[in-house]
Amino acid sequence: MMRIMGLDYGSKTIGVAISDPLGLTAQGIEIIRREDENKLRKSLRRIEELVSEYQVEEIVLGFPKNMNNTIGERAQKSLELKEMLERRCGLPVIMWDERLTTVEANRTLMESGVRRENRSKYVDMIAAVFILQGYLDAKANPGTV
12 MMRIMGLDYG SKTIGVAISD PLGLTAQGIE IIRREDENKL RKSLRRIEEL VSEYQVEEIV
72 LGFPKNMNNT IGERAQKSLE LKEMLERRCG LPVIMWDERL TTVEANRTLM ESGVRRENRS
132 KYVDMIAAVF ILQGYLDAKA NPGTV
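The opening residue of the sequence shown carries number 12 in my numbering; numbering runs sequentially from there.
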């Protein structure tokens, strides 16, 4: 049994999702709020706590490439977070293309009737669910990716 953690790394929040013990489904569990975009210490400590609480063995981190496949500032910051997570947690961190997840997450929230002003509260957590679910589905069906 191994759980996998999915992270959506935004400028003000980090959405967190966790797989079930069989690695089939992703559930959103938390949104880590960041006071300062350049200070990650508290966020990293919280991620570490969740890793140990859920016995996570692998982390999937959303990789926000530009639509033309280039790596911009946000994607660069995600790569820096990957290195910090690997150092602190000693776990493999897989970068997962998340170009459409925020769009999907917003659409899902809209379809479920969440009002626009409340949507931003949940979008990163839902995006983390999509990132993790995409990865879990790809692992379950290796031929489809």
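Just so it is clear, CB atoms sit at the ideal spot from N, CA and C, and this is done for glycine as well.
Predicted model, so just to flag it, every value in this text is computed and none were measured.
DSSP three-state label for residue i, please.
{"i": "T36", "result": "coil"}
{"i": "P65", "result": "According to the sequence shown, residue 65 is Tyr rather than Pro. Coil."}
{"i": "L18", "result": "strand"}
{"i": "I82", "result": "coil"}
{"i": "R44", "result": "strand"}
{"i": "G73", "result": "strand"}
{"i": "S89", "result": "helix"}
For residue i, collect the residues of the same chain with a Cβ closer than 7 Å to its Cβ; drop the 5 residues on either side in sequence, then sort them by chain order.
{"i": "I40", "result": "V27, A28, I29"}
{"i": "N117", "result": "R130, V134"}
Can you tell which of the options has its C-alpha closest to the C-alpha of residue i?
{"i": "L166", "options": "I137, A151, P75", "result": "Coverage of the chain is limited to positions 12 through 156, which leaves residue 166 absent and any answer about it impossible."}
{"i": "Y65", "options": "S123, E115, C100, V134", "result": "C100"}
{"i": "L51", "options": "L33, L147, K23, A149", "result": "K23"}
{"i": "R98", "options": "R127, N77, E115, I58", "result": "I58"}
Please report the Cβ distance between residue i and residue j, rounded to the nearest whole angstrom; I am assuming they are in contact, meaning their Cβ atoms lie under 8 Å.
{"i": "I137", "j": "V71", "result": "That belief does not hold up - the Cβ atoms of I137 and V71 are roughly 15 Å apart, past 8 Å."}
Please work out which residues of its chain come closer than 6 Å, Cβ to Cβ, to residue i, disregarding the five sequence neighbours upstream and downstream, and give them in chain order.
{"i": "N77", "result": "G83"}
Under 8 Å Cβ to Cβ from residue i, same chain only, skipping five residues before and after it: list those, please.
{"i": "L147", "result": "I15, S30, G34, L35, T36, A37"}
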